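Participant: Under UniProt numbering, the first residue of the sequence shown is numbered 1, with each subsequent residue one higher.
Virtual Cβ for every residue (Gly too), placed ideally from N, Cα, C.
Note that the structure is predicted; figures quoted are calculated from it, not measured.
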Amino acid sequence: MFGTKIKKRQAKIISLLNSLPECTPEEKKQKIQSIQGLYALELFDMKKYPQALAEFFKLNTDPAEVIKLFLELDGKSTEEKVEVKKIKGKDLESALNALIQYLIKVKKNILELSHESGNGQTDIVKECHKQQLELIDTTLLKCYLETKQALVTPLLRANNCNLEEAEKTLLRHGKNNELVLLYQMKEQHEKALEILREQSKRESAIEVYQRTANYLQQLGSEHLSLIFKFSAWILKEDPDEGLKIFTATIEAVEKLPRPKIFNFLLRDHEMVVIPYLEHVIHIWNDTDALFHNALIDMYRDKLTVENKNSPEEDFQNIKSKLLSFLEASTYYTPKSVLLHFPQDSMFEERAIVLGKLGRHEQALAIHVLILGDINRAIHYAEKVSAASSDKYQDVFVSLMRIIMYPNQCDCLDGLLANVPRHPKTSVGDNEIALHILEKYIHKISPLKALSVLPDSVPLIRLKQFFASSLDVHSTMKRHIQILKGLSYAEHIYVQELQEYFESQSVVINEYDICHVCKRRFGNQSAFVRYPNGEIVHYSCKLNK
1 MFGTKIKKRQ AKIISLLNSL PECTPEEKKQ KIQSIQGLYA LELFDMKKYP
51 QALAEFFKLN TDPAEVIKLF LELDGKSTEE KVEVKKIKGK DLESALNALI
101 QYLIKVKKNI LELSHESGNG QTDIVKECHK QQLELIDTTL LKCYLETKQA
151 LVTPLLRANN CNLEEAEKTL LRHGKNNELV LLYQMKEQHE KALEILREQS
201 KRESAIEVYQ RTANYLQQLG SEHLSLIFKF SAWILKEDPD EGLKIFTATI
251 EAVEKLPRPK IFNFLLRDHE MVVIPYLEHV IHIWNDTDAL FHNALIDMYR
301 DKLTVENKNS PEEDFQNIKS KLLSFLEAST YYTPKSVLLH FPQDSMFEER
351 AIVLGKLGRH EQALAIHVLI LGDINRAIHY AEKVSAASSD KYQDVFVSLM
401 RIIMYPNQCD CLDGLLANVP RHPKTSVGDN EIALHILEKY IHKISPLKAL
451 SVLPDSVPLI RLKQFFASSL DVHSTMKRHI QILKGLSYAE HIYVQELQEY
501 FESQSVVINE YDICHVCKRR FGNQSAFVRY PNGEIVHYSC KLNK
C-alpha cells in the first residue's frame, strides 16, 4: 500500500518536472513547491522523519497540516482510517522527537514575527498566530507525555494549550498534578482546587494541605470567596496548616482584606482566631483598633468562659498575654474594652485599662483594696510618675490616702462597690504610707502630702521627710537661680552685640566699586558688607 503511494508521488513529481519549461515564473515556483511537498511526504512515508520535517519547515508548511500526519496524537479511534497504519515502537519515538524539534522552531518563528510586527498586526493575523500557538503547545503537550514527561510542567507554566484538548489528554494519562497546573494557568481555579481536595482522600494529606495552601496564597483578594471555600476543609482537618493560608509572608496574602478574614474565622473557625490576630498585630504591626479590641475580647473569653475546662498552665499563659498586651498596646479602645470585663474577676486587667483612661486613683484602689498588693500599686505609681511631664503630681499622694484611709475610699463606686475587700489592707497602715513618702519625696508635693497625713503622726517621724524635702527644694532653688543668672548674662551679651552692630556705619560714594564684579554701586543697588569691611553687590555675594 505504502509502496503504491510512493510510486504515485514519484509519477506526479516526474510529470511536474516535465511541465516546468512551459510554465511562467510564478507557475514554476508553485510547481517546485509542490514537488518539494511531495518529496517531504515521501520522506515521511519512508520513515525519514527528521529529514521530512526539515523539508516542511523550509517550505513554511502550515503546522496544522504537518500535525495531521501524526494520527497517534489525535486521541480518537481510527476505525474509519483502517487503511492508515500507525507509527509504532522506535519509529514513533523518532517521529515524535522530530516533531518536537519542528514545533519548537515554528513556535519560535511565530513569536519572533509577532514581536517584530508589534501593534502593526491586524486582528486577523493576531488571531491566526494565537490559533497556531494553541495547536503547537497542545501538540507539544501530547508529545512530551509520550516521550519527555519532565518537560510537561515547564510547558504548562507558560502555555497556550487548548484547555479542553489538554484537559482530556492529561486525564487520559492520569496526570492530576499537571492538570491542577493547567487549570491554575488558565485561571480555572475552582476546578484545580476540587482536584486537590479529592487528592487529599487518596494521597498524603499533609502534602496536599501544603499544596492547597500554597495555591490559595497566590490567588489574591479578587478570589476571596474561593479562598474561604477551599480553606475551610484544611482549617477543619489541620488548623495550623490552614492558618498559613492567611498569615504567609507573601504580598498577595498581606493585601487580603483582614476584617473579612477575621469575620470568616470568627464565624466558622474560632480556634484559630487568636493566632491570626496575634500575627496581624505582632508580625504585621497592624494598628486597627478592631483587631486590638478583638484580641483582648478573645483573651478575656478564654479566661472567663473557658477557664473551668482549661489546664492551669494554659490559663496562666493567656492571662500573661492579656496583661502584657493591655500594657503595651496603645490602639485598643479602653472604654469599649472595660464595658465587657466581668464584675467579679479580672481586677488586675481592669486596673491597667483604668490607667489607660487616666483614672489612676481607681486603678490604685483596685491594687490595694481588692488585690491587696501594695507593691504592685507602688510599681504602678512609679510608671505613671515616670510617664508624666508634671514633676509633682498626685499619684503617690492618692496611693498614700488609699493606704491610710481604706474605709474612706469612695473611688470604687458603681460596679466595684460590692466587691469584697482584701483583708490585708482593710485597716489603714500609716507606716507604709510614710515609707512611700520618704522614698519618693522628690516626686511628691510636700503640701499635698501633709494635707493627707493624719494628725496622729508625730513630728519626729517626719524629720527625715522635712530634711529631704528641704534639700530637694534648696537644690531646685539653686538650680533655678543659676539658670536665671545664665539667662540674664546671655541677655546682656545679646544686647551688647546688638549695640555694636547698630553702631557700625557704611559710607559709599560714586567712586566705590564692588570687589566682585568691579562695577560701581548705583543709587538703587542693594549691597552686602563682609566682616572685613569689603562691600559687594547683593547679587554678587554668592560669587564671593
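List the endpoints of the continuous alpha helix (DSSP H) containing F57.
Facilitator: If you number the sequence shown from 1, residue 57 lands on position 57. For F57, the uninterrupted alpha helix (DSSP H) segment begins and ends at 49-58.
Participant: Taking the DSSP output, what are the residues bridged to R520?
Facilitator: In the sequence shown, the residue the question calls residue 520 occupies position 520. The partner list for R520 (beta bridge, DSSP) reads I513.
Participant: Pull up the DSSP beta-bridge partners for H173, would you.
Facilitator: In the sequence shown, counting from the first residue as 1, residue 173 sits at position 173. Note: H173 is not bridge-paired with any residue in the DSSP secondary-structure output.
Participant: Can you check DSSP and say which residues form a bridge with T529?
Facilitator: Along the sequence shown, one-based indexing puts residue 529 at 529. It should be pointed out that residue 529 corresponds to Arg in this sequence rather than to Thr. In DSSP, R529 forms a bridge with I535.
Participant: Can you round the beta-carbon distance between L133 and I104 to whole angstroms, since I take them to be within the 8 Å contact cut?
Facilitator: The count along the sequence shown starts at 1 and reaches residue 133 at position 133. The count along the sequence shown starts at 1 and reaches residue 104 at position 104. Not quite, the Cβ-Cβ distance comes to about 12 Å (not below 8 Å), so this is no contact.
Participant: Taking buried to mean at least 16 other C-beta atoms within 10 Å of its own C-beta, is V82 buried or exposed?
Facilitator: Here the question's residue 82 lines up with position 82 in the sequence shown. Unreliable placement is indicated for V82, whose pLDDT of 40 sits below 50; the coordinate value is still reported in the next sentence. With fewer than 16 other Cβ atoms within 10 Å, it is exposed.
Participant: Of the choices A232, H340, I441, whose alpha-carbon is the least far from that of A467?
Facilitator: Within the sequence shown, residue 467 is the residue found at index 467, counting from 1. Residue I441 is the option with its Cα nearest to A467.
Participant: Starting from the C-beta of R520, find all residues in its chain whose C-beta is less than 6 Å away, skip the five residues before and the five after it, and write them out in chain order.
Facilitator: Along the sequence shown, one-based indexing puts residue 520 at 520. Counting only Cβ-Cβ distances below 6 Å, and skipping sequence neighbours, we find I513.
Participant: Determine the closest residue to L357 out of C409, Q464, T330, with distance taken between C-alpha atoms.
Facilitator: For this step, residue 357 is matched to residue 357 along the sequence shown. When each option's Cα is compared against that of L357, the closest is T330.
Participant: Go ahead and label L542 buried or exposed: buried means 16 or more other beta carbons lie within 10 angstroms of its beta carbon, across all protein chains shown.
Facilitator: Mapped onto the sequence shown, residue 542 falls at position 542. Per the 10 Å Cβ criterion, exposed.
Participant: Within 10 Å of its beta-carbon, does P531 have 16 or more other beta-carbons around it, so buried, or fewer, so exposed?
Facilitator: Working through the sequence shown from its first residue, we reach residue 531 at position 531. It counts as exposed.
Participant: Using the Cα positions of I352 and L196, report the straight-line distance between them to the nearest angstrom.
Facilitator: Translated into the one-based positions of the sequence shown, residue 352 becomes position 352. Translated into the one-based positions of the sequence shown, residue 196 becomes position 196. Taking the straight line joining both Cα atoms gives about 49 Å.
Participant: DSSP three-state label for P342, please.
Facilitator: By one-based count along the sequence shown, residue 342 stands at place 342. In this structure, P342 counts as coil in the three-state DSSP scheme.
Participant: Taking the straight line between their C-alpha atoms, what separation do you get for P259 and Y215?
Facilitator: Along the sequence shown, one-based indexing puts residue 259 at 259. Along the sequence shown, one-based indexing puts residue 215 at 215. As the crow flies, the alpha-carbon of P259 is around 22 Å from that of Y215.
Participant: Mind checking which residues open and close the alpha helix (DSSP H) that includes K126?
Facilitator: Mapped onto the sequence shown, residue 126 falls at position 126. 123-147 is the span of the alpha helix (DSSP H), which, as asked, contains K126.
Participant: What did DSSP end up calling E164 once you bin it into helix, strand or coil?
Facilitator: On the sequence shown, position 164 is the one that residue 164 refers to. Of the three classes helix, strand and coil, the one that applies to E164 here is helix, per DSSP.
Participant: Report yes or no: do three or more beta-carbon pairs, one from the region 482-490 and one from the region 429-441, lie closer than 8 Å?
Facilitator: no
Participant: Can you give me the Cβ contacts of R461 inside the same chain, cut-off strictly under 7 Å, excluding the 5 residues immediately before and after it?
Facilitator: Start at 1 with the first residue of the sequence shown, and residue 461 comes out as number 461. The residues are L434.
Participant: Quick one: give me the first and last residue of the alpha helix (DSSP H) that T249 is part of.
Facilitator: Here residue 249 refers to the residue found at position 249 of the sequence shown. Per DSSP, T249 belongs to no alpha helix (DSSP H) and is neither H nor E.
Participant: Distance check for L179 and E123, CA to CA, integer angstroms please.
Facilitator: As a working mapping, residue 123 is identified with position 123 in the sequence shown. As a working mapping, residue 179 is identified with position 179 in the sequence shown. Here residue 123 is Asp; the residue named in the question, Glu, does not match the sequence. Using only the alpha carbons, I get a separation of about 31 Å.
Participant: Cutting at 7 Å between CB atoms, please list the residues of its own chain near Y538, excluding the five before and the five after it.
Facilitator: As a position in the sequence shown, residue 538 is number 538, starting the count at 1. Cβ neighbours of Y538 beyond the five flanking positions: A526, F527, V528.
Participant: What are the start and end residues of the alpha helix (DSSP H) that includes G485?
Facilitator: Residue mapping note: residue 485 aligns to position 485 of the sequence shown, counting from 1. 463-503 is the extent of the alpha helix (DSSP H) around G485.
Participant: Any idea if S398 is buried or exposed, counting beta-carbon neighbours within 10 angstroms, 16 or more meaning buried?
Facilitator: Position 398 of the sequence shown holds residue 398. Flag for S398 reads buried.
Participant: Compute the distance between the beta-carbons of F341 and I366, then report whether it is under 7 Å.
Facilitator: Position 341 of the sequence shown, counted from the start, is the residue given in the question as residue 341. Position 366 of the sequence shown, counted from the start, is the residue given in the question as residue 366. Result no, Cβ atoms of F341 and I366 do not sit closer than 7 Å.
Participant: Taking buried to mean at least 16 other C-beta atoms within 10 Å of its own C-beta, is Y511 buried or exposed?
Facilitator: Locating residue 511 in the sequence shown gives position 511, where the first residue counts as 1. Exposed, by the Cβ-count rule.
Participant: Could you tell me the distance, in whole angstroms, from the CA atom of residue 609 to the CA atom of T287?
Facilitator: As shown, the chain starts at 1 and ends at 544. That puts residue 609 outside it, with no answer to give.
Participant: Just checking my contact of L151 with Y144 at CB under 8 Å: how many whole Å lie between their CB atoms?
Facilitator: On the sequence shown, position 151 is the one that residue 151 refers to. On the sequence shown, position 144 is the one that residue 144 refers to. That pair is a contact at about 5 Å.
Participant: Rounded to whole angstroms, what's the CA-CA distance from E80 to L71? Just pull it up for me.
Facilitator: Stepping through the sequence shown from its first residue, residue 80 is reached at position 80. Stepping through the sequence shown from its first residue, residue 71 is reached at position 71. Any reading at E80 must be qualified, since the residue scores a pLDDT of 44, below 50, and its modelled position is unreliable; the value itself is stated next. Separation of E80 and L71 (C-alpha to C-alpha, rounded to the nearest whole angstrom) is 12 Å.
Participant: Taking DSSP as the reference, what is the three-state secondary structure of Q316?
Facilitator: As a working note, residue 316 is residue 316 in the sequence shown. The answer is helix: DSSP assigns Q316 an H, G or I state.
Participant: Is there contact here, the region 272-289 with the region 242-253, by at least three beta-carbon pairs under 8 Å?
Facilitator: As far as the Cβ criterion goes, the region 272-289 touches the region 242-253, which means the pair count is three or higher.
Participant: Closest to K255 by CA distance: which of F44, S221, V395 is it?
Facilitator: Working through the sequence shown from its first residue, we reach residue 255 at position 255. Nearest of F44, S221, V395 to K255, Cα basis: S221.
Participant: Going residue by residue through the region 250-302, where are the continuous beta strand (DSSP E) segments of at least 3 residues, counting only ones entirely within it?
Facilitator: Runs found: none.
Participant: Determine the burial state of F228: buried for a count of at least 16 other Cβ atoms within 10 Å of its Cβ, exposed for fewer.
Facilitator: Translated into the one-based positions of the sequence shown, residue 228 becomes position 228. Counting the other CB atoms within 10 Å of its CB gives F228 a total of 16 or more, which places it among the buried residues.
Participant: Leaving out five residues before and five after E146 in sequence, what residues of the same chain have Cβ atoms less than 7 Å from its Cβ?
Facilitator: Position 146 of the sequence shown, counted from the start, is the residue given in the question as residue 146. Same-chain partners within the cutoff: L96.
Participant: Between the C-alpha atoms of K424 and C411, what's the straight-line distance to the nearest angstrom?
Facilitator: Taking the sequence shown and counting its residues from 1, one reaches residue 424 at position 424. Taking the sequence shown and counting its residues from 1, one reaches residue 411 at position 411. Spanning the two alpha carbons is a distance of roughly 19 Å.
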